[in-house]
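Below is one structure, written out as structure tokens; comments come after it.
Residue numbers (this note's numbering): 1 to 172.
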């Protein structure tokens with residue numbers, strides 16, 4: 001039997017020296033959880049097309065309004081204008097009544113509504129041109145202490161504070 005004892009010892013030594021082949025159960029579970037999280041985040045963009053486009057419009061409006069505020073520093077007469085035509089809501093930056101830059105948001109992709117200057121934090125249809133005038137220190141003139149709301153798909157998405165800073169979320 002000494003031969004069998006030696007064989008058994010050699011077998012365990014060689015198994016201990018071999019490198020692990022394959023994945024452990026923990027690694028497999030982690031990969032499955034990560035794949036599920038990524039799938040759930042991306043699948044909603046395929047099935048909730050209007051909500052996804054609404055988020056794109058929110059981000060675009062926020063970036064546009066922030067760049068307008070930056071441009072208003074040391075400008076005496078900078079105006080952000082909200083206009084609605086049959087197919088688009090158009091945001092434009094005007095200096096001395098001439099358009100510097102504008103951006104159109106198609107109504108087919110999302111519904112954009114806005115507040116009235118100086119009248120609280122509720123949004124309503126853009127039925128006439130809305131002008132937000134910035135002064136030389138990039139603050140909005142003639143706005144109440146709550147700020148100016150911009151709503152996308154009926155949700156308060158962007159707020160322009162009286163100090164002129166556009167931030168995501170509702171005006172408080």
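Glycine residues also receive a C-beta, built at the ideal position from the N, C-alpha and C atoms.
Under the three-state reduction of DSSP output, residue 86 falls in the coil class, being neither helix nor strand. Boundaries of the beta strand (DSSP E) around residue 160: 155–160.
By DSSP's assignment, residue 151 forms a beta bridge with 113, 156.
Between the stretch 128–141 and the stretch 61–81, the count of Cβ pairs shorter than 8 Å is three or higher; the stretches touch. For residue 126, no alpha helix (DSSP H) run applies, since DSSP gives it neither H nor E. Of the residues assessed, residue 54 falls on the buried side of the cut-off, its CB having 16 or more other CB atoms within 10 angstroms. One alpha carbon belongs to residue 82, the other to residue 33, and they sit about 45 Å apart.
Residue pairing by DSSP puts residue 79 in a beta bridge opposite 94, 133.
Beta-bridge partners of residue 104 (DSSP): 90. Taking the C-beta atoms as reference points, residue 126 is found nearer than 8 Å to residue 84. DSSP places residue 68 inside the alpha helix (DSSP H), whose first and last residues are 49–72. In the DSSP annotation of this structure, the continuous segment of the beta strand (DSSP E) that includes residue 166 starts and ends at 166–168.
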